[in-house]
């Protein structure tokens, strides 16, 4: 990563938010997203495709972090590492009780689509954007994502 890319990333005040990531906002097309991001990304977006993913070059796997695009528009980002902090302070490794303490009454608990004894913890910001934490069988956050409906509620991401 170049010094200019590092500086551009450091200039993004609040990285994870309900409306996007850094200066990139949900609804942007790939060109606007890349202009807002101002650093290299792995992958390409198919403007006509149902789902495309971009990845930061320093993330080793899509499971660590990805930006999701549908029909060429930025709609969601997924996080699977404790290095990132969700809007409101949640992160991978926290317990359900810790998430409840942070997000309070707005937290909706839903059963996991595929795994028994795992849950989705869903928080809507009241403006259409949503944060979802996934828990493991021990009741700890294993992943989280932020985006817009209906894409945010697709448990399978891009398949």
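Residue numbers (the working numbering): 112 to 270. Here a beta-carbon is modelled for each residue, glycine too, at the ideal position from N, C-alpha and C.
Ends of the alpha helix (DSSP H) at residue i?
i: residue 212; result: 207 to 214
i: residue 145; result: 141 to 148
Quick check on the burial criterion: 16 or more other C-beta atoms within 10 angstroms. Buried or exposed for residue i?
i: residue 273; result: A query on residue 273 cannot be resolved here, the shown segment of the chain reaching from 112 to 270 and no further.
i: residue 246; result: buried
i: residue 206; result: exposed
i: residue 202; result: buried
i: residue 208; result: exposed
i: residue 221; result: exposed
i: residue 217; result: exposed
Can you tell me where the beta strand (DSSP E) holding residue i begins and where it ends?
i: residue 159; result: Per DSSP, residue 159 belongs to no beta strand (DSSP E) and is neither H nor E.
i: residue 245; result: 241 to 246
i: residue 233; result: 230 to 235
i: residue 219; result: 218 to 222
i: residue 258; result: 252 to 258
Mind checking whether residue i and residue j have CB atoms under 9 Å apart?
i: residue 146; j: residue 182; result: no
i: residue 258; j: residue 187; result: yes
i: residue 162; j: residue 268; result: yes
i: residue 189; j: residue 148; result: no
i: residue 252; j: residue 196; result: no
i: residue 248; j: residue 229; result: yes
Measuring CA to CA, which of the options is closest to residue i?
i: residue 151; options: 138, 165, 161 and 139; result: 165
i: residue 173; options: 185, 184, 192 and 156; result: 192
i: residue 212; options: 199, 134 and 138; result: 199
i: residue 153; options: 179, 134, 131 and 130; result: 179
i: residue 143; options: 184, 129, 171 and 126; result: 184
i: residue 157; options: 140, 215 and 231; result: 140
Entirely enclosed alpha helix (DSSP H) segments - the stretch 166 to 201, minimum 4 residues: none
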